[in-house]
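Input: a single structure, listed below in structure tokens.
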Amino acid sequence: DTAVSQTPKYLVTQMGNDKSIKCEQNLGHDTMYWYKQDSKKFLKIMFSYNNKELIINETVPNRFSPKSPDKAHLNLHINSLELGDSAVYFCASSQDSESDSPLHFGNGTRLTVT
Amino acid sequence: DQQVKQNSPSLSVQEGRISILNCDYTNSMFDYFLWYKKYPAEGPTFLISISSIKDKNEDGRFTVFLNKSAKHLSLHIVPSQPGDSAVYFCAASRWSNYKLTFGKGTLLTVNP
Numbered sequence: 007d008t009a010v011s012q013t014p015k016y017l018v019t020q021m022g023n024d025k026s027i028k029c030e031q032n033l034g035h036d037t038m039y040w041y042k043q044d045s046k047k048f049l050k051i052m053f054s055y056n057n058k059e060l061i062i063n064e065t066v067p068n069r070f071s072p073k074s075p076d077k078a079h080l081n082l083h084i085n086s087l088e089l090g091d092s093a094v095y096f097c098a099s100s101q102d103s104e105s106d107s108p109l110h111f112g113n114g115t116r117l118t119v120t
Numbered sequence: 005d006q007q008v009k010q011n012s013p014s015l016s017v018q019e020g021r022i023s024i025l026n027c028d029y030t031n032s033m034f035d036y037f038l039w040y041k042k043y044p045a046e047g048p049t050f051l052i053s054i055s056s057i058k059d060k061n062e063d064g065r066f067t068v069f070l071n072k073s074a075k076h077l078s079l080h081i082v083p084s085q086p087g088d089s090a091v092y093f094c095a096a097s098r099w100s101n102y103k104l105t106f107g108k109g110t111l112l113t114v115n116p
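Chains as they are written, first to last, in our numbering: chain R, 7 to 120; chain V, 5 to 116.
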């Protein structure tokens with residue numbers, strides 16, 4: 007009964023392709039996030055949704071589009087993949103968007119673009 | 005522009021001893037700080053947090069200290085156990101804007 011689950015765990019694809027990563031949380035949380043861990047190991051926020059509404063949208067290329075069909079799901083679609091998109095993408099959720107709600111992370115999706 | 009810095013990429017301690025992990029931040033607007041622990045092939049898990057109105061928070065073997073004037077926080081683990089071996093991330097945010105900024109992490113190895 008994984009709290010935050012994301013699929014796939016590994017994704018290898020070629021430049022120019024379009025791919026999606028799915029995330030689901032069964033914690034009943036209102037807020038979900040996408041973080042990216044790059045080659046330098048920094049974890050950086052990309053997007054955050056609260057009750058299906060976008061509340062954080064960092065400086066991310068338009069090729070990245072999050073979709074939240076309901077508050078338990080937050081998917082990430084990436085168009086025209088580039089080599090620099092290779093990274094580990096983590097989905098996370100929290101009770102709400104207030105600071106005292108710790109994030110619960112999924113186990114990550116390692117994306118490799120060749 | 006690293007707003008949260010963990011200058012030690014790794015730390016090795018003996019089982020039973022104290023582990024001290026350090027973190028510095030540059031943004032004076034940060035007022036909430038957290039530590040996360042990460043095992044290989046898993047996502048980070050929340051460990052402990054502290055708000056800027058406190059200078060210490062304790063939870064079992066884990067204690068976080070905050071020195072606002074020095075913009076420095078540290079995580080103490082006493083006693084250290086082999087199962088504590090993991091990467092520890094420091095993170096910070098502004099209370100009103102829940103957008104965590106993470107450091108690069110410190111790999112802690114606790115030797116039996």
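By construction, the Cβ of each residue, glycine as well, lies at the ideal position given by its N, Cα and C atoms. Predicted model, so just to flag it, every value in this text is computed and none were measured.
By DSSP, does V/Asp2 sit in helix, in strand, or in coil? Because chain V is modelled from 5 through 116, residue 2 of chain V falls outside the range shown and cannot be assessed.
Interface partners of V/Ala45 on chain R, CB under 7 Å: Asn113
Taking Cβ-Cβ distances below 7 Å as the criterion, which residues of the stretch 47-63 of chain R are in contact with chain V? Lys47, Phe48, Leu49, Ile51 and Ile62
Touch test, the stretch 93-113 of chain R against the stretch 22-41 of chain R, Cβ-Cβ under 8 Å, three pairs minimum: yes
Inter-residue spacing [alpha-carbon to alpha-carbon] between V/Ile81 and V/Val114: Roughly 11 Å separates the two Cα atoms.
Chain-ordered neighbours of V/Gly64 on chain R, where CB pairs are closer than 9 Å: The premise fails here: V/Gly64 is roughly 16 Å from chain R at the closest Cβ pair, so nothing lies under 9 Å.
Quick one, which of R/Lys25, R/Thr13 and R/Thr115 has its alpha-carbon nearest R/His83's? When only C-alpha atoms are compared, the closest one is R/Lys25.
Among the residues of its own chain, which have a CB less than 6 Å from the CB of R/Thr13, if the five just before and after it don't count? So the qualifying residues of the chain are Lys28.
Using 7 Å as the limit for Cβ to Cβ distance, is R/Phe70 near chain V? With 7 Å as the cut-off, R/Phe70 does not count as an interface residue toward chain V.
So V/Leu25 contacts chain R; which residues on that side make the cut at Cβ distance below 7 Å? The premise fails here: V/Leu25 is roughly 15 Å from chain R at the closest Cβ pair, so nothing lies under 7 Å.
Between V/Phe66, V/Pro13, V/Lys103 and V/Ser14, which has its C-alpha nearest R/Asn63's C-alpha? V/Lys103
Among the residues of its own chain, which have a CB less than 6 Å from the CB of V/Trp99, if the five just before and after it don't count? Asp35 and Tyr36
Between R/Leu89 and the rest of its own chain, which residues show a CB-CB distance below 6 Å, the 5 nearest in sequence each way excluded? Val119
Using 7 Å as the threshold, is the C-beta distance between V/Ser84 and V/Arg21 below it? yes
For V/Gln8, the residue or residues it bridges with in DSSP: Gln is not the amino acid found at residue 8 of chain V; the sequence shown has Val there. DSSP output for V/Val8 lists V/Tyr29 as bridge partner(s).
With V/Leu4 and V/Ser23 assumed to form a contact (beta carbons below 8 Å), what rounded beta-carbon distance in angstroms separates them? What the structure shows of chain V is the stretch from 5 to 116, and residue 4 of chain V is not part of that stretch, so it cannot be assessed.
Other residues of its chain near V/Leu38: CB distance less than 6 Å, five sequence neighbours each side excluded: Ser53 and Ala95
Alpha carbon to alpha carbon, how far is R/Asn32 from R/Pro75? Give it in angstroms, no decimals. 14 Å
Residues that DSSP places opposite R/Thr65 in a beta bridge: Paired residues: none, contrary to the question.
Which bits of chain R does V/Trp109 rub up against, with CB to CB less than 7 Å? The question names Trp, but residue 109 of chain V is Gly in the sequence shown. Here the neighbours are Lys47.
According to DSSP, R/Glu59 sits in a beta bridge with which residue or residues? R/Asn56
How would you call R/Asp102, buried or exposed, if buried means at least 16 neighbouring beta carbons within 10 angstroms? exposed
Compare the C-alpha of R/Glu30 against each of R/Arg116, R/His110 and R/Leu117 and name the closest. R/His110
The beta strand (DSSP E) enclosing V/Arg21, as first and last residue numbers: Element bounds for V/Arg21: n/a, residue is neither H nor E.
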